[in-house]
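Take 1 as the starting number for the sequence shown in the UniProt record's numbering and just add one per residue. C-beta: ideal position from N, C-alpha, C; glycine also.
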Amino acid sequence: MKENLKILIADDNELMRMVMRGFFVKYLVSPHIKQTTNLLDTQNLLREEKFDLLLLDINMPNGDSSPQTIIDFIKEHPSLKIIMFSGNDKKTLGPAYLAAGAIGFIQKDEHMNTYAKEIIETLL
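Written out as structure tokens, the structure is:
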């Protein structure tokens, strides 16, 4: 199991950030977690610090995250793993984000804990 992963949770919804923070703390050993609430702050923090994992909401203030955003982030931070986190339909949007380089897509719905656990297990 990987320990001390540096994780950035980028979501404008405080409740979603709290839920996912709790999830990472429960399933990972000693994660170091930071949070941002918009795309601009996310881009800036990624330039300041190295993270292992980015949990990225699609719809946020100061710009939505597109598949091109994923391509750009990976180009600038090749070792960064990105998981999409959205209320948008996973079946509709997921393939484009996965093709762009995201390692997973967690849809904010009643199954999000299952999606998150499956993706986190791939990191272990």
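With residue i and residue j assumed to form a contact (beta carbons below 8 Å), what rounded beta-carbon distance in angstroms separates them?
i, j, result
"residue 83", "residue 106", "6 Å"
"residue 18", "residue 55", "The Cβ separation is near 13 Å, so there is no contact."
Label residue i either buried or exposed according to how many other C-beta atoms from any shown protein chain fall within 10 Å of its C-beta, with 16 as the threshold for buried.
i, result
"residue 89", "exposed"
"residue 86", "buried"
"residue 65", "buried"
"residue 114", "exposed"
"residue 104", "buried"
"residue 42", "buried"
Output the distance between the C-alpha atoms of residue i and residue j, rounded to the nearest integer angstrom.
i, j, result
"residue 58", "residue 33", "19 Å"
"residue 16", "residue 120", "17 Å"
"residue 96", "residue 5", "26 Å"
"residue 72", "residue 102", "11 Å"
"residue 67", "residue 99", "8 Å"
"residue 14", "residue 111", "19 Å"
"residue 80", "residue 51", "6 Å"
"residue 1", "residue 47", "With a pLDDT of only 49 at residue 1, under 50, the local geometry of the prediction cannot be trusted, and the value read off the model is given with reservation. If you take the alpha carbons of residue 1 and residue 47, they lie about 27 Å apart."
Are residue i and residue j closer than 8 Å when you measure CB to CB?
i, j, result
"residue 63", "residue 39", "yes"
"residue 27", "residue 91", "no"
"residue 109", "residue 60", "no"
"residue 35", "residue 9", "yes"
"residue 30", "residue 49", "no"
"residue 53", "residue 7", "yes"
Between which two residues does the beta strand (DSSP E) harbouring residue i extend?
i, result
"residue 104", "104-107"
"residue 85", "81-86"
"residue 54", "53-57"
"residue 8", "6-10"
"residue 36", "32-36"
Which residue comes first and which comes last in the alpha helix (DSSP H) that contains residue i?
i, result
"residue 91", "90-100"
"residue 75", "67-76"
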